[in-house]
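Report on the following structure.
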Amino acid sequence: MDKLKLIIAREYLNKVKNKTFIIMTFLGPLLMVGMIVLVSFITKTSMEKKRVVSYIDHSELFVAEDFENTKSLDFINISNLDLETAKNTIKDSEQYGLLYIPKGETIEEVASNIAFYSSESPSVVFTEKLERRFNKKLSNLKMIELNIDTQQVDASRIQSELQLTNFEGEESSKFINSIKLGIGSIAGYMIMLFILVYGAMVMRSVIEEKTSRIIEIIVSSVKPFQLMLGKVIGTAGAGMTQFIAWSVLIGLFYAFVLPLMGINTGSQVSPEQMEMMKEVAKGSKIELIIQELRQLPLLTIIISFFLFFMGGFLLYSSLYAAIGAAVDNETDTQQFMMPIMMPLMLGMYIGFAVVINDPHGTIATVFSMIPFTSPIVMMMRIPMGAPLWQIIVSLVILFITFIGMIWMAAKIYRVGILMYGKKPSYKELWKWLKY
Amino acid sequence: MKYLLETKEITKKFGDYIALNKVSIRVPEKSIYGLLGPNGAGKTTLIRVINQITLPDSGSVVFDGKPLELNDVHYIGYLPEERGLYKSMKVGEQALYLAQLKGLSRSDARKRLKYWFDKFEIGDWWGKKVQELSKGMAQKVQFIVTVLHQPKLLIFDEPFSGFDPINANLIKDEILELRDKGATVIFSTHRMESVEELCEHITLIDKSNKILDGNLQDIKRTFKTNTFEVGISTTDKLSLQQELASKFEISNANFKTLEDDLKLNIRINDGDTSKDLISFLSNKANINHFVEVIPSASEIFIRAVKKNENKK
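The listed protein sequences derive, respectively, from chains A and B. Its first residue numbered 1, the first sequence is counted upward by one per residue in the numbering used here. Its first residue numbered 1001, the second sequence is counted upward by one per residue in the numbering used here.
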């Protein structure tokens, strides 16, 4: 036991004292925050880009107010020109395009013949904006034509909204669901990222011991299993340290540095989205959201994040350790990496494709039980309220698999660390299990 | 004689390949024991079994009178042939770590390391990283780490490789000193002159089997062929040689003498003694040189391995 502690301490300190580790611990959050700032800056500038559109209105249905300029769009009336001349003029200009509203017998005819000419195909957002503008105007005109009282129509509009309540009578809002999804996705993504980065670190550390030929000296003092376990746990500790450091640093950044720099991180949300969010928030009542935030099973989320993080990491890194032991150098690891990457990718894919739509359906439930995908998939389900018994069953399966896996990995490891100059095949690894 | 280590019919297979076939050795206490054999004979596997790195399929190991157990690693020091250190770790820190893995407390390890570092005059390497050291320097550190916990049993696999003659000598003297202080040493090497110089007992392993073992002197006695190397001066060398050839088994010998001697290896006939040969020769010529040919460890090695090959 004492030796295991020694090994864990060495592996941990060796990683934590490493210059790259220290630099990345402090630079990582900076890069992340920098990316957010950059993205928000880019979105902002592209949002603020003003487009100029000329229009020819021959329909006589629209008035000047219908072409009111907005923040991102300016209209120029060139109805005095004919279409061909206008096309040629606009084509060579800096303008975004030419809007052409032809003359028509009926409102329907006009509506279906409005054309937009441009050198590049316009963005979907842009065309939808224009269409919405025309639809509203033309519908109103049609109502007048049909002698419908528009005020009455306005008054008759009803906005329905589903009040989400579970059978225990707890209300929930749609807004909170996005937050839950966000928490789940970040947790799942973090687990995947750390397994990939720190698992590879375990593997490199095993390869280093092999290539520096210290391994035989070490295993004459400790059991290979102890060495492997110590390595995996020590590296997990270093990973946790970095994760906690990042969380704290990013927290500090958001709390102090960004406001000082006058950067509003909320600015990457477009005004429309903001509007929508406000609407949703209004509809579902602020108090309800706050109440729900309080009711979020935060403790369960944090504890299960920790457990799934550890379980997933231990499971995968014992595989990484076995791979490291089987090869002589990092380039030989390629053929063994695929089986590790696949389930992780699958977990992420299931998370985003299935859990979002159907968090407690059969597929999501099954994959949150399979140990190789469960850390990711289950973490995405937990904020949505996965039943406790499922979480426990999933964890039990995960840790039992881990024990089986580390036992197998240890066998490969024990043989592999003393093998040099061979590039083993899967068949050979299978044989090693029986040595 | 008390034996510190005994292996009893150790068998180890890797798949279909038999690495060790019922190998039994007995290492007398406080002696230097040579573990010899061609490459791939199974020496390293046997050493790994003793170090509990590899588990045998059958057979047992007795250490200090009791079946070998996990904690016995604290009483064994092992310098493997394939050896190295963590390249990016500092020498002192690394030595402390390895010593602690052998069961020493940190403060104890530090004290002992200081003694050895002073002895080898390498105190100023403490804070250096291993990658800054030369190969020979790193080997010295490894040697210290191997002996630091004062093990009862020391196992050296090719200990002199990588050392220049001066340092090889230094290490050799240290090994002898450790033996004199009561340690038992298993010594595996291909350098037969150091076997000759150091080992009291040897075991020869070839193709997974033990083919020879025992006290080196005894083995030499059984391998000697009653052959004598003689240098004689006479006026008619040719006729003397012909006469000798008709009575004995002879071959040309090669050694340095002052005179222009007839140099021969003469094997005496069964039942005869050296006295008979001397009296025969002294009647014919002057004897300037007369030495019994004692087989070297190297010759024994080659002959035993060849014999083992022919058997198959």
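Where is the CB? At the ideal position from N, CA and C, for every residue including glycine. Everything numeric in this text was worked out from a predicted model, so none of it was measured.
Residue i at chain B interface by Cβ criterion, 8 Å
i                : result
VAL232 (chain A) : no
LYS423 (chain A) : no
ARG10 (chain A)  : yes
LYS431 (chain A) : yes
LYS15 (chain A)  : no
LYS3 (chain A)   : yes
GLY416 (chain A) : no
VAL206 (chain A) : no
Residue i (DSSP reduced to helix, strand or coil)
i                 : result
GLY1214 (chain B) : strand
LEU1153 (chain B) : strand
LEU13 (chain A)   : helix
ASP443 (chain A)  : Here chain A covers residues 1 to 435 and nothing more, so residue 443 (chain A) does not appear.
THR85 (chain A)   : helix
LYS1128 (chain B) : coil
GLU1259 (chain B) : coil
VAL232 (chain A)  : helix
ILE42 (chain A)   : helix
SER1194 (chain B) : helix
SER425 (chain A)  : coil
LYS434 (chain A)  : coil
LYS71 (chain A)   : coil
LYS223 (chain A)  : coil
ASN1308 (chain B) : helix
TYR1086 (chain B) : coil
PHE1120 (chain B) : coil
TYR349 (chain A)  : helix
LEU963 (chain B)  : In this structure chain B extends from 1001 to 1312, so residue 963 (chain B) is not present and cannot be described.
SER1188 (chain B) : strand
LEU1020 (chain B) : strand
LYS1013 (chain B) : strand
ILE214 (chain A)  : coil
PRO1038 (chain B) : coil
THR365 (chain A)  : helix
PRO343 (chain A)  : helix
DSSP beta-bridge partners of residue i
i                 : result
HIS1201 (chain B) : B:TYR1033, B:ASN1215
GLU1292 (chain B) : B:PHE1228
ALA115 (chain A)  : A:TYR100
ARG204 (chain A)  : Its beta-bridge partners do not exist; DSSP assigns none.
THR1007 (chain B) : B:ILE1025, B:VAL1061
ASN1254 (chain B) : Its beta-bridge partners do not exist; DSSP assigns none.
TYR55 (chain A)   : A:ASN77, A:LEU99
ASP1206 (chain B) : B:ASN1209
ARG1267 (chain B) : B:THR1227, B:GLU1249
TYR1078 (chain B) : B:ILE1155
ASN1286 (chain B) : B:SER1233
Contact set between residue i and chain B, taken where Cβ atoms lie within less than 8 Å
i                : result
LYS44 (chain A)  : Chain B residues near LYS44 (chain A): none, gap ~45 Å exceeds 8 Å.
LEU229 (chain A) : Per Cβ cutoff of 8 Å: no residues; LEU229 (chain A) is ~14 Å from chain B at best.
SER411 (chain A) : It is worth fixing the name first, because residue 411 (chain A) is Lys in this sequence and not Ser. Simply none; closest approach about 11 Å.
Amino acids of chain A, ordered along the chain, whose beta-carbon sits closer than 7 Å to that of residue i
i                 : result
GLU1082 (chain B) : ARG213, GLU216
VAL1073 (chain B) : SER220, SER221
Per-residue contacts from residue i into chain B (C-beta, under 9 Å)
i              : result
LEU6 (chain A) : TYR1097, GLN1100, LEU1101
Any C-beta of chain A under 8 Å from that of residue i
i                 : result
GLY1015 (chain B) : yes
LYS1087 (chain B) : yes
LEU1004 (chain B) : no
Partners in chain B for residue i, counting only beta-carbon separations shorter than 7 Å
i                : result
VAL219 (chain A) : ILE1053
Interface residues of chain A facing residue i [CB-CB closer than 9 Å]
i                 : result
TYR1078 (chain B) : GLU216, ILE217, SER220, SER221
State whether the stretch 1029–1039 of chain B contacts the stretch 372–390 of chain A, with contact taken as three or more CB pairs (one from each stretch) at a distance under 8 Å. no
Using 8 Å as the threshold, is the stretch 141–151 of chain A in touch with the stretch 70–83 of chain A, meaning 3 or more CB pairs across them? no
I'd like to know if the stretch 1212–1222 of chain B and the stretch 1052–1065 of chain B are in contact, where contact means that at least 3 CB-CB pairs between them fall below 8 Å. no
Examine the Cβ distances between the stretch 1185–1204 of chain B and the stretch 1110–1127 of chain B and report whether three or more of them are shorter than 8 Å. no
With contact counted as at least three CB pairs below 8 Å, one residue from each stretch, are the stretch 71–78 of chain A and the stretch 22–36 of chain A in contact? no
Taking 8 Å as the cut-off, does the stretch 1166–1183 of chain B touch the stretch 1086–1100 of chain B (at least 3 CB pairs, one atom from each stretch)? no
Taking one C-beta from the stretch 187–195 of chain A and one from the stretch 312–326 of chain A each time, how about it: are there three or more such pairs within less than 8 Å? yes
Decide yes or no for the touch test of the stretch 1129–1148 of chain B against the stretch 1079–1095 of chain B: beta carbon pairs closer than 8 Å, at least 3 of them. yes
Quick check: the stretch 228–235 of chain A against the stretch 341–355 of chain A, are at least 3 beta-carbon pairs closer than 8 Å? no
Quick check: the stretch 89–97 of chain A against the stretch 49–68 of chain A, are there 3 or more CB pairs under 8 Å? yes
Taking 8 Å as the cut-off, does the stretch 415–429 of chain A touch the stretch 243–250 of chain A (at least 3 CB pairs, one atom from each stretch)? no
Kindly confirm or deny that the stretch 322–336 of chain A and the stretch 360–372 of chain A touch, where touching means at least three C-beta pairs closer than 8 Å. no
Below 8 Å, how does it come out for the stretch 1291–1310 of chain B and the stretch 1200–1210 of chain B: are there three or more Cβ pairs, yes or no? yes
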